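J.: Sharing a structure with you now.
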Amino acid sequence: MEQYLGVLILVPMVGAFLSFIIGEKSEKIRDYFAIGMTALTFLLVIFTGHAFLKNGTDLVLEIKEFCGFGLHLKLDGFRFLYAAIASFAWLVSTAFSQEYFAHYGHKNRYYFFLLTTLSATLGIFLSADFFTLFLFFEIMSFTSYVWVAQDEKKESLRAAATYLTVAVLGGLVMLMGIFLLYHLAGTLYFDELVGLSQRYPGKELWIAGFCIFFGFGAKAGAFPLHIWLPKAHPVAPAPASALLSGILTKAGIYGVLLLTGYLFLGETTWGAFVLVLGIITMVLGAFLALCSIDLKRTLACSSVSQIGFILVAIGMSGLLGEENLLAVQGAMLHMVNHSLLKLVLFLAAGIVFMNLHQLDLNEIQGFGKHKPFLTMLFVFGALGLGGVPLFNGYISKTLIHESMVEYMELCQEGLLQPVFSFSVMKTMEWIFLCSGGLTVAYMTKLCVVLFVQDNNNAQKQQSFQNQNYIKPVSAIGLCISAILLPVLGAFPTQTMGKIAALGETFMGVEEVPDIAYFSLQNLKGSFISIAIGVVLYLLLVPTVLQKKTAEGKVYINPLPSYLDLENSFYRPLLLVVFPSIARVLCRFLDCLVDSLVVFLRHTIFRDSALPHELEEGTWLTDSVGKLLNAFQTGLFSGKKEKRQTIDYRHKLALMHRERIENQTIINRSLSYGLMLFCIGLMITVAYLLISLSRG
Amino acid sequence: MSVSLLCIVILFPMLVGALIPVLPFSNRKQMELYLFAMVVLNSLLVWTLILLHPAESLTVAKFTGNLTITFRLDGMGMVFAGLVATLWPFATLYAFEYMTKESHEKVFFFFYTMTYGVTLGIALAENILTMYFFYELLTLVTVPLVMHTLTREAILASRKYLYYSLGGAAFAFIGMIFIILYGDTISFTYGGVLDLHKIGNRVDILLLIYVFSFMGFGVKAAICPFNSWLPQAGVAPTPVTALLHAVAVVKSGAFAILRLTYFSYGMEFLRGTWAQQVVLAITSFTIVYGCGRAIKETHLKRRLAYSTISNLSYILFGAALMSPAGLVGALSHLVFHAFMKITSFFCAGAIMHQTEKHYVHELDGLGYAMPKTFTIFTLSALALMGVPGLAGFISKWNLAYAGIESGLPLGYIGVGCLLVSALFTAIYMMTIVIRGFFPGEGFDKNQVASFQDPNWKMLLPLCFFTVFILYFGLFSSSFIGFLQSLI
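These protein sequences, in sequence, are chains V and D.
Taking the working numbering, the leading residue of the first sequence gets 126, the next gets one more, and so forth.
Taking the working numbering, the leading residue of the second sequence gets 5, the next gets one more, and so forth.
In C-alpha cells:
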C-alpha cells in the first residue's frame, strides 16, 4: 500500500513526458490525455486515501538515499485531504485548459509543466521531512514559473521574473533554515521535531524557524513578500492562476502549519508573530483588492488577504496552546475553502478573459448580464469568500473569529498568560471583522460590475449577448466545484466537521466536539462583517473608487503608483543600490593585481641600462664632467640672471669620442704605419750600432 | 607492473603528443583516429590503475636528501585522476569537431594531449615537490593553448596568464620551502607533516606562509583578486576553456590547495587560527564576487568563466573549513562542478560553433532551433544552481552542512554566501535559458530557422555528462560514502 505514495507522484511526472511526446503528434489527443492523467491521479489519491481510512494507520514510504538524503513520504488525514483537493483542482483546471488555451501557442510546454507541477505539489503535501518538502518545493517553484511566463508578453516575463526571484530567494533562505535546523536537531523528520523549541531554548532554533518561515511565507504570499501575487496572477493563464492561488500558496501555508504545530508547538511568541503578520497581510490584501480595477488582480489581492485570515488562525492556534482546537479547525477549513473558492472564481474570471481578452473592470463591465451560469459561479464564489451564512467561507471564518473570542475570554479568566493586552486583542478582532467587511465590499464591487451595471459603451454591451461562452467539458468541472460551496456551507456538521476531523492528527488535536455553527453568537460576527462591507461599499465605491468622465462613471485605482512595493522598493534596492556598491568594489579589485603588475614593471622590473654602463663617454669624462657641472651650478646659484649652462658631462664625453675617432683614423692611416715602421727601423739600426761599437 | 603504470600514464600522453608533428598523417581523419585511440587507451590505463590501486609509491628521480620526484595513488589522487581520465576522451572528441573551424590543429593537439599527462602528474604526485614541478609544467604547456588563435587579445591574455601563474607559483614555492624546512617529510600525509618541535615559537610565520601559498596556488584557482586572467583566457578555443579553464588547470589549483591544507599543513595545525579566518573570508567573498560579475557579463563564455571563479571558491571554501566534512564537500564539488561546467561550456561552444553568436542578448529564441543543446544547457544551469535532484545540490548540501557544522561565525557567513551565490547563479544562468526558450511575444522563428543542433561528436559528450549529472543527483550516497571512506 505504501508504494502508492510513490506512484502518486510518479504518475503525473511520467504523464508529463508522455503528453509532451503525444503533443508533438496530435494536440487533441494530448488534451484528453492530460485530463485523463489528472483524473487518474485524483482517483489514485481517493483510492489510496480510502484504503488508509479503512485501516486507520498512516502510510509511510521511505526511499532511502534518493537524492543523497532519502525521500520520506507519509499519508495521514490532513495530507490525504490536501492531496485530494490539489488533484481535484488540477482536474478541473486541466479540463478548463482545453478550451481556454484553444488559441494559445506553446501548449505542449504548458501541459508538460502543468503535470510536473502536480507531481511536485503532491510531493509537498505528502512529504514527511523537511528535505523531501524542500526538494519538491523547489521543483514546484521552477515548473510553475513557466505558467506565469506562458504568453511571453513583456509584462508576463517581468512578473514571472519577480515570481521566480521571490521563489528562489525564499527557497534559499529556507534552505539556510533547514541547515541550521538539521545542525541543531540532527533530524529533519517532522514527527521527531515536535516541541523542539522546548528542548532547544537557544536563539539558533528561532533563527532557523524564521528562515524557514521566510521561504514558506514567500510562497504563501505573506506580507512583505506578497508582491508576486498581484503581478503574477493577472498575466498568468486563468487555470494556472486558479492553481497558483488555490493550491500553490497553500503549500506555503502547509509549511507554516508545520512550523507552528511541530517545531514551535505551544510557543506563544511564535503564535503572536504569525498573528501580527497575518493581521497585516489580511488588511493590506483586502484593501488592495478593493482599490484594484483589474478582475484577476482583485482576486489575487483577495488571495493575499485570505492567506492573512489563515495566518491569523494559525497564529491563534499558537497563542491558544492546548485550547487551540477552534483555531486549528479554522485554519484548515479556511485553507480548504479558499482553495475551492479561488478555483471557482479564477476559472470564472478565465471565462471572462477567454471571451473578451480583457480584464480591466471598465472594459468587462456588464459582461455577465443575462448569463445565469456564469452568474451562479461567480456569486457562489463571492458569497463563499464574503463569509455569508450557508456558504462555506462562513464556517471557517466563524471558527477563526470564535478562536479570537475564546482567547480573550481565557485571558480574562486568567487561564492563559496573555501576550497581547485585552484592548490590543479587541482591536485585532475588529480588524478581523473589518477585513471581512472589505472582502464583502470588493466582491460586491466585482459582482455589480460584471452582472448588474451596463457597459459605458452601449455597442460593447450589445456584443456581450453571445451565449456560447463556455463549452460543456469546462462547464461540468466548474459546476461541480461551485455546487460544493453551498453544500459545504449548508451542512457543516456532516461535511466540514468531517473534513476537520481528518486533519486532527496532523496538528495533534485530540477530539472534535460538535460546534453550533449557526448559533446566534456566531451569526452575529458574520452579520457585523457584512454590514461593514455594505457600508464600505456604499461609502467608498461611488466617491473614491469611481470618477465621472464623458463616457460615464469609470472605475479608477486611487492608489498612487509609488506605493507599489516592488517597483519603488525591491527593484531599486536589488537593481540599483546593491549593484552600484558592488560595482565600485569590483572595479577596485579588478584593477588591484593588474596595477600591481604594471607598478612592478615600472619599478623593479624596469628596462634600464646596466649600472656600470654609461650613456656616453667613460667613467673619467663622466666623473670629471659631473664635478665641473656641480662646480658650475655652485658658481651661478647666487646670481639672479639665468646663464646658459653647459653640460660638462656631455661636452667631455663628446671630446672623448672625438679623440677616440681621431685616434682610430690615425691608427688606420698608411703614414702612421710607415711612421711606426720607421721608428722600428731606427731602433733596430740604433741597437745594431750600439752593439757594434761595444765590439 | 601496476606501480610502473603510475609513470606510464603520465609519460604516455606526452609521448603521444610529441609524436603528432612527427607522424606522417595523410589526412585529418587519421590523426583524429590516432589521437582518440591513444587518449582512450590512456584513460583505460588510468582506470586500470585506479582499480588495481597500488599502495606503494614509485620514485623516479632523487635529488639531495628527501627531495624526490615520486608518484603514488592515494584517495584524493584517485578522485582527481579518475575525473580527468573520464573527461578527457569526451573533450577530445568534442575538440575534433570544434577545431574544424580553427587552424594549426596539430600544434593545438600537441599541447592539448601533453596537458593530459601533466595534469595526471599533479593528481598522482606523492610529495609537494613533485606536485610543484608538474604545477609549473602545467603553466608552460597551457600557455600556447591560450595563445592559439594568435590574435592580439590572445597574446595579451596568455601574457597575463603567464604573469599571474608564475607570480602565484613563486608564492607557492615559498610555502613548499617551509614545508621542506619544518616538516618531518615532504610526502603528502593526511593530517599534515609539520613538526611542532622544529616550529617552536614560529607559528605565526608559518601561518603567514600558509596564507601566502594558499593565495599562490589560489591564483590558478582564480580566487579574488587574482582572477582576472581566467575570463580573459576565454579567448582560447572552447575545448581549452571548457576542459582546461573549467576543469584541469583551475581544478589543479584547487587540488593543490586541498593537498596543502589537509596533507601538508594539516587541519589540526590550522583550524581556529587567524589564517583560517583569512582564507575563509577570501573564499566566501570570491563566491559572491564571481557570481556578481557573471550577472554583469554579457559575453557567454566570459560569463561562464566568472561562474567558474565562484564555483572554484566553493571548493576552496570546503578546504578552508579544515574539517573532514569540508574535505568531502570540496571533493564532491570538485567532481560535480567539473561535469556541470564542462557541460555548460560545451553547450556554449556548440552555440558559438553553430551560430557564431557570442553574446547573451543574441540568443533569443535559439532554444527552438537547437532544442537538444538548450535542454542540456538548462539542465546544467539547474544543476549549477543547486536544484535538488541534480548533482550540484549534493555537493552544495555537503559544503553548507560542513560550514554550519564548523560552528565558526565565518562558516555561517560562508553558507550565507553559498545561498546568495545560488540566487545569483539562478539569475545569470536562467536569463540565458529564458532568452533561449521565451524570446518574447512576436518573435519570428524564421530568424533562427537556419541554425540546428551540432552533430553527434558534440552531442555525445553532452549526453554522457547529462546522464552523469542526473545519476549523481539522484543516487549520490555511494559516491559520498566513497569520499568519506578516503578520510
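From the three backbone atoms N, C-alpha and C, an ideal C-beta is built for every residue, glycine too.
Since the model is a prediction, treat every value here as computed from it, not as a measurement.
Give me the subset of the stretch 392 to 417 of chain D whose CB atoms are less than 7 angstroms from a CB atom of chain V, sorted by chain position.
T.: For the stretch 392 to 417 of chain D, which is checked against every Cβ of chain V, the residues closer than 7 angstroms are P392, G393, I398, W401, A404, Y405, I408, E409.
J.: The stretch 711 to 734 of chain V: which residues have C-beta closer than 8 angstroms to a C-beta of chain D, in chain order?
T.: Within the stretch 711 to 734 of chain V, the qualifying residues are C711, L714, D715, L717, V718, D719, V722.
J.: Classify V/N787: buried if its beta carbon has 16 or more other beta carbons within 10 angstroms, exposed otherwise.
T.: The residue is exposed, with fewer than 16 neighbouring Cβ atoms inside 10 Å.
J.: If you measure beta-carbon to beta-carbon, which residues of the stretch 349 to 365 of chain D are closer than 7 angstroms to chain V?
T.: Residues passing the 7 angstroms Cβ filter: none.
J.: At a CB-CB cut-off below 8 angstroms, which residues of chain V make contact with D/Y165?
T.: The contacting residues do not exist; D/Y165 stays about 12 angstroms from chain V at best.
J.: Label D/P458 either buried or exposed according to how many other C-beta atoms from any shown protein chain fall within 10 Å of its C-beta, with 16 as the threshold for buried.
T.: That one is buried.
J.: What residues from chain D crowd round V/L563, counting only those whose CB sits closer than 7 angstroms?
T.: The contacting residues do not exist; V/L563 stays about 35 angstroms from chain D at best.
J.: Counting Cβ pairs closer than 8 angstroms, one from the stretch 389 to 400 of chain V and one from the stretch 255 to 266 of chain V, do we hit at least three?
T.: With a cut-off of 8 angstroms, the stretch 255 to 266 of chain V and the stretch 389 to 400 of chain V do not count as touching, because too few Cβ pairs lie within range.
J.: Any beta carbon of chain V sitting closer than 8 angstroms to that of D/L427?
T.: Yes, D/L427 lies at the interface with chain V (some Cβ there is under 8 angstroms from its Cβ).
J.: Can you give the Cα-Cα distance for V/A357 and V/Y288, rounded to whole angstroms?
T.: Cα to Cα, the separation comes out at about 7 angstroms.
J.: Per the contact definition of three or more C-beta pairs closer than 8 angstroms, is the stretch 345 to 359 of chain D in contact with the stretch 303 to 313 of chain D?
T.: Touching, yes.
J.: Starting from D/I73, trace the beta strand (DSSP E) both ways and give me its first and last residue.
T.: Taken as a continuous stretch (DSSP letters only), the beta strand (DSSP E) holding D/I73 covers 72 to 75.
J.: For the alpha helix (DSSP H) that contains D/E140, what are its first and last residues?
T.: 132 to 150 is the extent of the alpha helix (DSSP H) around D/E140.
J.: Using a Cβ-Cβ distance cut-off of 8 angstroms, determine whether D/E157 contacts chain V.
T.: No, D/E157 lies away from the interface with chain V (no Cβ there is under 8 angstroms from its Cβ).
J.: Rounding to the nearest angstrom, what Cα-Cα distance links V/L407 and V/T312 in this structure?
T.: With the sequence shown as reference, residue 407 of chain V is identified as Met, and Leu is not the correct amino acid for it. Those two C-alpha atoms are separated by around 34 angstroms.
J.: Taking the alpha-carbon of D/S8 as reference, which of D/L48, D/S61, D/P17 has the nearest alpha-carbon?
T.: Of D/L48, D/S61, D/P17, the residue nearest in Cα terms is D/S61.
J.: Of all the options V/S430, V/R324, V/C716, which has the alpha carbon lying nearest to the alpha carbon of D/S232?
T.: Selected option, being the one with the closest Cα: V/C716.
J.: Going by the CB atoms, is the gap between D/Y372 and D/V424 shorter than 8 angstroms?
T.: Their beta carbons are not under 8 angstroms apart, which means D/V424 does not touch D/Y372 by this criterion.
J.: Please check the pair D/F340 and D/G396, which I expect to be a contact at CB under 8 angstroms, by giving their CB distance rounded to whole angstroms.
T.: Contact holds; Cβ gap of about 6 angstroms.
J.: What residue from V/V660, V/T620, V/P683, V/E538 has the CA that sits closest to V/A670's CA?
T.: The displayed chain sequence assigns Leu, not Ala, to residue 670 of chain V. For the residues V/V660, V/T620, V/P683, V/E538, the minimum Cα distance to V/L670 belongs to V/P683.
J.: For the alpha helix (DSSP H) that contains D/T245, what are its first and last residues?
T.: Where D/T245 is concerned, there is no enclosing alpha helix (DSSP H), given that its DSSP letter is neither H nor E.
J.: Name the chain V residues whose beta carbon is nearer than 8 angstroms to that of D/P229?
T.: In chain order: L714, D715, L717, V718.
J.: By Cβ distance, which residues of its chain are closer than 7 angstroms to V/L813, with the 5 residues on each side in sequence left out?
T.: So the list is empty, once near-sequence residues are dropped.
J.: DSSP three-state call for V/Y532: helix, strand or coil?
T.: Of the three classes helix, strand and coil, the one that applies to V/Y532 here is helix, per DSSP.
J.: Check whether the Cβ of V/M301 lies closer than 8 angstroms to any Cβ atom in chain D.
T.: Taking Cβ atoms only, chain D reaches closer than 8 angstroms to V/M301, which makes this a yes.
J.: With V/F557 and V/K494 assumed to form a contact (beta carbons below 8 angstroms), what rounded beta-carbon distance in angstroms separates them?
T.: Between V/K494 and V/F557 the Cβ distance is about 34 angstroms, and since that is not below 8 angstroms, they are no contact.
J.: Tell me the start and end of each unbroken beta strand (DSSP E) in the stretch 270 to 325 of chain D that is at least 3 residues and wholly inside, in chain order.
T.: If we require 3 residues or more, the stretch 270 to 325 of chain D turns out to have no beta strand (DSSP E) run fully inside it.
J.: List, from N- to C-terminal side, the beta strand (DSSP E) runs of 3 residues or more that fit wholly inside the stretch 49 to 125 of chain D.
T.: Complete beta strand (DSSP E) runs here, min 3: 62 to 66, 72 to 75.
J.: Could you check whether the Cβ of V/G181 sits closer than 7 angstroms to any heavy atom belonging to the ligand MN?
T.: As presented, the structure is devoid of all ligands, the ligand MN included, so that no description of it is given.
J.: Report yes or no: do the stretch 65 to 84 of chain D and the stretch 98 to 111 of chain D share at least 3 C-beta pairs separated by less than 8 angstroms?
T.: No, the stretch 65 to 84 of chain D is not in contact with the stretch 98 to 111 of chain D.
J.: Between V/V469 and D/G477, what straight-line distance do the alpha-carbon atoms span, to the nearest angstrom?
T.: Roughly 39 angstroms separates the two Cα atoms.
J.: Select from V/S606, V/L779, V/L795, V/I706 the residue whose C-alpha is nearest the C-alpha of V/G509.
T.: The shortest C-alpha separation from V/G509 is found at V/S606.
J.: Hey, D/H249 and D/T312: beta-carbon distance below 8 angstroms or not?
T.: Contact: yes.
J.: What is the DSSP secondary structure of V/Q587, reduced to helix, strand or coil?
T.: V/Q587: helix per DSSP, three-state reduction.
J.: Cα separation between V/L688 and V/C426?
T.: The alpha-carbon atoms of V/L688 and V/C426 are separated by roughly 15 angstroms.
J.: Spatial neighbours of V/L247 within its chain, please: CB distance less than 6 angstroms, with the 5 preceding and 5 following residues excluded, ordered by chain position.
T.: The answer, listed in chain order, is L133, I134, A208.
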